[in-house]
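Reviewing the structure listed below.
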Amino acid sequence: MKNFIHILSAFILATVLSAGFSQKSDFANQNIPINPKVKIGKLENGLVYYIQKNAKPENRVELRLVVKVGSMQEDDNQVGLAHFTEHMAFNGSKHFEKNKLVSYMQSIGMRFGGDINAYTSFDETVYMLTVPTDNQNQLDSGFLVIQDWAANLSMEGKEIDAERGVIIEEWRVGKNADERMRKTWFPVVFTNSRYADRLPIGTYENLKSFKHETLRKFYRDWYRPNLQAVVIVGDIDVNYAEAKVKELFSPLKNPENAPEKIIYPIGEHKDVLITRATDKEATHSQILTLRKFKKFQAKNLEDYRIIIMQNLYNMMINERFDELQQNPESPAIQAGSYYNPFIGNVDALTGYTLAKENKMEETLLLLLTEEERVKQFGFLESEFERAKEELLANLKKAANEENKTLSSALASSYVKHFLNETPIMGAKTRYIQTKKLLETIKVSEINDLLKKWIINDNFVIVITGPEKEGLHILSEQEVKDLLKQETYKKVSAYVDDFEEKPLIEKELTGSKVVASKELKEVKATEYTLANGIKVIIKQTQLKDDEILMEAREPGGSSLFSLYDFPSTLFATNLVERSGLGEFDYISLNKALKGKKISISPYIHEISNGFYGSSTVNDFETMLQLLYLYYDAPRFDESAFKAIVSEMKNQLKFITSNPTFVFLDTLVKTITQNDPRKPAIPDETLLNNASYRQAIEVYKARFSNAANLIFAFVGNIDPDTSLPLIEKYIGSLPTSEGKDLFKNVYYGFPDEDKHVDIYVGIDNKSTIGIVFNSEYEWNIKNNVCLDLFHEVLEIRMIEIIREKMGGAYSPAIQFNRSKYPETVFTSLIYLNCDPKKVKKINKAILSIHSKLLEKGFTDEELHKAKEQIKKSLEVNIEKNSYWRNYISDKYFYSDPLSDQETYLKTLNSLTSKEITNAIKPFFDKKHAVYVYQYPEKKGKKKKIKTNIETEENKDELLEEESDNSVKTKKGKKKKKKKYK
37 MKNFIHILSA
47 FILATVLSAG
57 FSQKSDFANQ
67 NIPINPKVKI
77 GKLENGLVYY
87 IQKNAKPENR
97 VELRLVVKVG
107 SMQEDDNQVG
117 LAHFTEHMAF
127 NGSKHFEKNK
137 LVSYMQSIGM
147 RFGGDINAYT
157 SFDETVYMLT
167 VPTDNQNQLD
177 SGFLVIQDWA
187 ANLSMEGKEI
197 DAERGVIIEE
207 WRVGKNADER
217 MRKTWFPVVF
227 TNSRYADRLP
237 IGTYENLKSF
247 KHETLRKFYR
257 DWYRPNLQAV
267 VIVGDIDVNY
277 AEAKVKELFS
287 PLKNPENAPE
297 KIIYPIGEHK
307 DVLITRATDK
317 EATHSQILTL
327 RKFKKFQAKN
337 LEDYRIIIMQ
347 NLYNMMINER
357 FDELQQNPES
367 PAIQAGSYYN
377 PFIGNVDALT
387 GYTLAKENKM
397 EETLLLLLTE
407 EERVKQFGFL
417 ESEFERAKEE
427 LLANLKKAAN
437 EENKTLSSAL
447 ASSYVKHFLN
457 ETPIMGAKTR
467 YIQTKKLLET
477 IKVSEINDLL
487 KKWIINDNFV
497 IVITGPEKEG
507 LHILSEQEVK
517 DLLKQETYKK
527 VSAYVDDFEE
537 KPLIEKELTG
547 SKVVASKELK
557 EVKATEYTLA
567 NGIKVIIKQT
577 QLKDDEILME
587 AREPGGSSLF
597 SLYDFPSTLF
607 ATNLVERSGL
617 GEFDYISLNK
627 ALKGKKISIS
637 PYIHEISNGF
647 YGSSTVNDFE
657 TMLQLLYLYY
667 DAPRFDESAF
677 KAIVSEMKNQ
687 LKFITSNPTF
697 VFLDTLVKTI
707 TQNDPRKPAI
717 PDETLLNNAS
727 YRQAIEVYKA
737 RFSNAANLIF
747 AFVGNIDPDT
757 SLPLIEKYIG
767 SLPTSEGKDL
777 FKNVYYGFPD
787 EDKHVDIYVG
797 IDNKSTIGIV
807 FNSEYEWNIK
817 NNVCLDLFHE
827 VLEIRMIEII
837 REKMGGAYSP
847 AIQFNRSKYP
857 ETVFTSLIYL
867 NCDPKKVKKI
877 NKAILSIHSK
887 LLEKGFTDEE
897 LHKAKEQIKK
907 SLEVNIEKNS
917 YWRNYISDKY
927 FYSDPLSDQE
937 TYLKTLNSLT
947 SKEITNAIKP
957 FFDKKHAVYV
967 YQYPEKKGKK
977 KKIKTNIETE
987 ENKDELLEEE
997 SDNSVKTKKG
1007 KKKKKKKYK
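Spelled out as structure tokens, the structure:
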């Protein structure tokens, strides 16, 4: 269940709508079209429904119950109860008593949190459910679920009291520096409106003490059909779905004397409001500016023109900010500006910056100056043309994929339409209408709008930052003085010196395909080029306009000494921030506007290569960029300085954050302070990174492509793509000799380690338990661990969350690796009440032990198998799944038939076989236990541990021998080389 802050952040940064000022035109008389594929209806009781058939993925339907009710409808004694009501939807109803709903959904292969979820915000509550459509009983049950949510929750007192603990733990998770600072600046931004007093999570006091009847009253008053909508999108018959809606929802009644839903305003103000908040655990110095406007509702195509202009503004202004960020002397780590919906009846022009250390004044000036520059001089025609190309390229890709749009995406659009009347034209119609409207828009119109947007009415400036000795955070008076001086208004016009030219001007000879073979297991073909490079092509119709790529070879950072290692972290980013061929970073971005491509080099520990994606039409451009990454990479020292400067500034603040301290301690403990595996690069590592070494690292890993294996998956026609592959990939440099990665694995501690951390203001603890063991890599073990993960997660939710109310969201991660060491690692992680750490820790280990000793129940095993199978059914309809699958099988030398073997093994395994197989991988005496407690009053943060936690920095300056690497115990571990 999503935290409301995530919802609010999405509102602030979204780019869907804009405040606007309508111009009279022919478009003013034309309504915004509605997607003809969706059936919209309204029952006599006021309930609205949206139904669309969409078989992506097949045999699934997305169900939504949307309620136009949130925390703003709470009475003073109901604070937090809109969100509490949402939780109770999973704790008993007419057709699913107590916790049977979650259990039932798991039994049909649906995951709690992924396929069944909900969120509550200020103005709405939305319930989400995915169910199979190839089983009529399961489908009918899905409809009963949303009917129960709408009107039939049980609200039993015992269940209410049990859920208090879960929600209090969710409240606890949100306690941090940002939450404390928001208490200061929310009332100012919301101008003391009701929004400032109705944060959806509520208050600890009310969550602990409210009466059962108070919650039931909220549900009776507000969950009524005239405030609800049902959304149904998926592989389903529309007539059946509509009949089901009428059957189940027509009988619902609106209560007599129901309270009126009031739209609460956010107050206006003429003066610039400035608010400042600091916290010793804050991780960055931030400036947020909001110019608030009355909410703009698009009713016709003329209004939609303004939405388009707002989107163009967002694209053009942020291209300028992106340029500024390339300068290492920039005072900001990040900066941007957006015009978008804010909250309630308000839209906002939102500016934001993250400032470098003691650079807040300069950063605020940067933000104000760039907004003032566009206000005075406007955007250039060249910027406007690039933005139009980019916008149309985005919409064209969506239009080409309209028939392959995910049902969940369509369902989300209909939820937004019901809540906010957001246009739902459909992708093809949106592209056609936007293209038509763009022909009527001039850059001067956008420039005129800026003069109405960039004003000081309803203007709020929010200053937040850490409390740290030597760090200056702007005061309110300093901001006022800066605004009064108006130095930011002394600006000159922006200069665009971009010149168009080909990416590659020379002729490439390439090399032909010399061999090919069919890969029947994955319905793909392997081609070998004359230069020795292997290329696998899997043509699919899973997406109409998508081609994905991965190229991978063994090697990575393992081939470099500890002395060079810091530079391996920056080598590829250096080139990405420098440019390719005749284009620097800025000009390359401009040259690629209007093209939907992405390609990035990477260096991991034991491999390096490229990830890429493109549309069908832009496939050649992606290959051209790939070629340039080998033939003409650029190395800009100022780009390197900018990257390191940004990371150093973020590092200065993040170490005060309790979550980081916990993570850093956990990583150092389980890796035995391996300098190659920092949780985040520290200052010593950053200081040891070298521009010259980064260049040498890049050249060493991207000068010989002989070992690369390319996997292309998507709507890629071999007849048209192979000539391009022969030309560009066939022109990549290759030479004899094969690099193999080295084993630089430090190993896991030989004995169990217990670490207690005392850090943090909030009454919140964190538990981290890590098991590690040698592993035998085979299909059976892999399947057994996947099943154990599913059942462990089910038990943790049932016991730790629901029965004990001990944690909001227990997290479980399993990782198995074949290279460089065949190792298995598992992590259990959760936040909880410090007083309950021992009790919860004991419960976790008890759950673990009982599963290993007694195995699974038949019901649990069935749930686990169904969840894995249902997940796989969805994944095999994604190009990304097949790209990763093929690339992995080649890299790890595993059979391409593994998927078929996996399913056969999955279906055949018994509980006893599973536990017998995995018991050796979980040894309590070979584990790491890290516990974070609040910092004790009057005492500094400290770490109590039985291991050394200070990294030996001198190791970074030592050269490794070619055959061994020292462990922390001084022993030498023989390295292995792998094919």
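Take any residue in the sequence shown, count from 1 to its spot, add 36: that is its number in our numbering. Glycine included, each C-beta is placed from N, C-alpha and C at the ideal position.
Quick check: residue i and residue j, are their CB atoms within less than 9 angstroms of each other?
| i | j | result |
| --- | --- | --- |
| A384 | R312 | no |
| L324 | T500 | yes |
| R588 | F927 | yes |
| L473 | I344 | yes |
| P602 | Q686 | no |
| D672 | Y621 | yes |
| D151 | I379 | no |
| V97 | L175 | yes |
| T7 | E812 | Since the first residue of the chain shown is 37 and the last is 1015, residue 7 is not available in this structure. |
| M108 | Y276 | no |
| G149 | L165 | no |
| E787 | H962 | yes |
| Y530 | R422 | no |
| F777 | I642 | yes |
| P694 | Q968 | yes |
Compute the Euclidean distance between the alpha carbons of residue i and residue j, then round it to the nearest angstrom.
| i | j | result |
| --- | --- | --- |
| R341 | Y85 | 28 angstroms |
| I876 | E838 | 13 angstroms |
| D493 | N262 | 37 angstroms |
| K525 | I836 | 58 angstroms |
| I540 | L662 | 11 angstroms |
| P367 | D358 | 13 angstroms |
| V167 | G201 | 29 angstroms |
| S862 | Q849 | 6 angstroms |
| K570 | L616 | 25 angstroms |
| Q172 | I883 | 35 angstroms |
| G116 | E304 | 27 angstroms |
| N920 | I583 | 13 angstroms |
| I731 | N609 | 11 angstroms |
| E913 | L942 | 20 angstroms |
| I833 | Y865 | 13 angstroms |
| M352 | S449 | 25 angstroms |
Roughly how far, in whole angstroms, is the beta-carbon of residue i from the beta-carbon of residue j, given that I think they are within contact range, below 8 angstroms?
| i | j | result |
| --- | --- | --- |
| E397 | L507 | Not confirmed; about 13 angstroms, so no contact. |
| A429 | K631 | 6 angstroms |
| V267 | R100 | 4 angstroms |
| I752 | Q903 | Actually they are not in contact, since the Cβ atoms of I752 and Q903 sit about 32 angstroms apart, beyond 8 angstroms. |
| T389 | Q322 | 7 angstroms |
| F63 | E338 | 4 angstroms |
| E195 | K247 | Not a contact, Cβ separation roughly 15 angstroms. |
| K432 | D580 | With a Cβ gap of about 11 angstroms, K432 and D580 do not count as contacting. |
| N644 | G591 | 5 angstroms |
| Y375 | N350 | 6 angstroms |
| R737 | A675 | In fact, because the Cβ distance is near 18 angstroms, the residues do not count as touching under 8 angstroms. |
Which residues in the same chain have their Cβ closer than 6 angstroms to the Cβ of residue i, if we skip the five residues on either side of it in sequence?
| i | result |
| --- | --- |
| H495 | First, the residue type needs correcting, since residue 495 is Phe and not His in the sequence shown. Within the same chain, F495 has close Cβ partners V308 and R327. |
| D710 | Y782 |
| G82 | P261 and N262 |
| L404 | Y524 |
| K504 | none |
| K455 | Residue identity differs from the one stated: residue 455 is Leu in this sequence, not Lys. Excluding positions up to five away in sequence, the list reads E160. |
Apart from the five residues on each side of it in sequence, which residues of its chain come closer than 8 angstroms, Cβ to Cβ, to residue i?
| i | result |
| --- | --- |
| S45 | Note that S45 scores 43 on pLDDT, short of 50, meaning its location in the model is unreliable and no value can be drawn from it. |
| E278 | K75, G77, Y85 and I87 |
Sorted by chain position, which residues of the same chain lie with C-beta nearer than 7 angstroms to residue i's C-beta, five sequence neighbours on each side aside?
| i | result |
| --- | --- |
| V162 | R100, V102, A154, Y155 and V451 |
4-residue-minimum alpha helix (DSSP H) runs that sit fully inside the stretch 342 to 394, ordered along the chain: At a cut-off of 4 residues, not a single continuous stretch assigned as alpha helix (DSSP H) sits fully inside the stretch 342 to 394.
Within the stretch 172 to 259, ranges of the alpha helix (DSSP H) (whole runs, at least 4 residues): List check, alpha helix (DSSP H) in window: 172 to 187, 193 to 209, 213 to 225, 240 to 245 and 248 to 258.
Length at least 4, wholly inside the stretch 793 to 881: the alpha helix (DSSP H) runs in chain order: Listed in chain order, they are 815 to 832.
Every unbroken alpha helix (DSSP H) inside the stretch 613 to 665 [4 residues or more]: Within the stretch 613 to 665, the alpha helix (DSSP H) runs of at least 4 residues that lie entirely inside it are, in chain order, 621 to 627.
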